[in-house]
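Undergrad: First the structure, then my questions, so here it is.
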Amino acid sequence: MFIASWNVNSIRARLDRLLRWLEVHRPDVMCLQEVKVTDAEFPAEPLREAGYFAEVYGQKTYNGVTILSRSELTDVERGFPGDSSDTQARLIAATARGVRFISAYVPNGGAVGSDAYQYKLEWLNQLRRYLEPHRSGSPGLVLCGDLNIAPDTLDVAKPEQWEGTVLYNQEVRAEFAALLALGFIDTVRRHRPEGGQYSWWDYRQLSFPRNDGLRIDHILVAGGLADLCTDAGIDRDARKGPRPSDHAPVWAIFQDS
DNA sequence: ATGGTTGCTTAGCAA
């Protein structure tokens, strides 16, 4: 099984790139974030023609998360169960091939100390509570997405410049560590322990050509599936060329059990 | 120095 996760920063602006990536890599399951369309505007037809079922939790202008799968998706959940107060479409879960997949777009947080940052911390706390009862499920649980956290100094090209920002500070690193403490493994960390693998580069200040990046997009796996992960990485090439997303896809491979 | 770029929507927000 080959899976991937990509913050596409608008699925309408990125549809050609997405279809090309699906055609070349043919992931069995792909989680998307920041699709930035309502369910009605979601381009289900070209994706169906490309061989993918799609489950969408859409929103106009902002956010929006999706799970694509070559096999059928069942038991779809949108948002945190029982939370009617959160109007932002940032979480969708579905089952494919007997595995529970979650596509998450964690709030960026704006600036440390802002209301947006408080919302980020509360959202991460809610995510942790949501994951707790699922974590040891068989055969496994996969949390994919833009978690907006760089977990380690190895995941930041210029750690001294980024220390203390919403993407890289002690508080959010502790939140990431708390996710791992639930029993998740960080697939890219496990298979690329040397670091220097980034998934996001700011559009500004020539960040990409300077490789001033951070690894903030992740595939975390819990349960029996974790031991079946044979490789994982980030497709930096997908950030190249005209009109890229500011994020690159993260991928992981699992031995079929 | 609080800049710069992109997307959505069309002046301003979010990232």
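Numbering-wise, the working numbering comes out as the position in the first sequence, counting from 1, plus 38. Using N, Cα and C, we set each Cβ at its ideal position, and we do this for glycine too.
Going by CA-CA distance only, name the one from Ile49, Leu85, Glu79, Phe91 that's closest to Glu72.
TA: Of Ile49, Leu85, Glu79, Phe91, the residue nearest in Cα terms is Ile49.
Undergrad: Give a yes or no on whether the C-beta atoms belonging to Leu129 and Pro84 are separated by under 8 Å.
TA: No.
Undergrad: Verify whether the separation of the beta carbon atoms of Arg108 and Tyr90 is less than 8 Å.
TA: Result yes, Cβ atoms of Arg108 and Tyr90 sit closer than 8 Å.
Undergrad: Provide the residue span of the alpha helix (DSSP H) that contains Val62, from first to last.
TA: Start and end: 53-63.
Undergrad: For the structure I just gave you, are there three or more beta carbon pairs, one from the region 95-115 and one from the region 152-167, closer than 8 Å?
TA: The region 95-115, when compared against the region 152-167, does not touch it at the 8 Å Cβ threshold.
Undergrad: Looking at the unbroken alpha helix (DSSP H) that takes in Leu209, where does it start and where does it end?
TA: According to the sequence displayed, residue 209 carries Glu and not Leu. Note, Glu209: alpha helix (DSSP H), 208-219.
Undergrad: Mind the definition here: the region 172-180 touches the region 226-237 only if three or more C-beta pairs lie below 8 Å; say whether that holds.
TA: The answer is no - the region 226-237 does not touch the region 172-180, with fewer than three Cβ pairs under 8 Å.
Undergrad: Quick one: using the 10 Å Cβ neighbour count with 16 as the cut-off for buried, is Tyr241 buried or exposed?
TA: When all chains shown are included, Tyr241 counts as exposed.
Undergrad: From which residue to which residue does the alpha helix (DSSP H) around Val226 run?
TA: 225-229 is the extent of the alpha helix (DSSP H) around Val226.
Undergrad: Glu115 lies in the beta strand (DSSP E); which residues open and close that run?
TA: Element bounds for Glu115: 112-116.
Undergrad: Within its chain, find whatever has a CB closer than 7 Å to the CB of Asp77; leave out the 5 residues flanking it on each side and keep chain order.
TA: Val94, Gly96, listed in sequence order.
Undergrad: Jot down the residue ranges of each uninterrupted alpha helix (DSSP H) in the region 150-198, minimum 4 residues, whole runs only, in chain order.
TA: Runs of the alpha helix (DSSP H) inside the region 150-198: 153-169.
Undergrad: In whole angstroms, what separates the C-alpha of Val288 from that of Asn47?
TA: About 15 Å.
Undergrad: From what residue to what residue does the alpha helix (DSSP H) around Leu85 run?
TA: Looking at the DSSP string, the run of the alpha helix (DSSP H) that includes Leu85 is 82-87.
Undergrad: For Pro247, which option in Glu79, Ile257, Arg274, Glu170 has the closest C-alpha, if you only look at C-alpha atoms?
TA: Selected option, being the one with the closest Cα: Arg274.
Undergrad: Among the candidates Asp294, Asp193, Pro280, Gln293, whose CA atom is the shortest distance from the CA of Arg55?
TA: Of the listed residues, the one whose Cα sits closest to Arg55 is Pro280.
Undergrad: For Asn249, I'd like the list of residues in its chain whose CB is within less than 8 Å of its CB, leaving aside the five on either flank, ordered along the chain.
TA: Answer for Asn249: Ala195, Tyr236, Trp239, listed in chain order.
Undergrad: Throw me the rounded Cβ distance for the Val150 and Leu162 pair, which I believe falls under 8 Å.
TA: Not quite, the Cβ-Cβ distance comes to about 14 Å (not below 8 Å), so this is no contact.
Undergrad: Compute the Euclidean distance between the alpha carbons of Phe222 and Asp193, then round it to the nearest angstrom.
TA: Those two C-alpha atoms are separated by around 18 Å.
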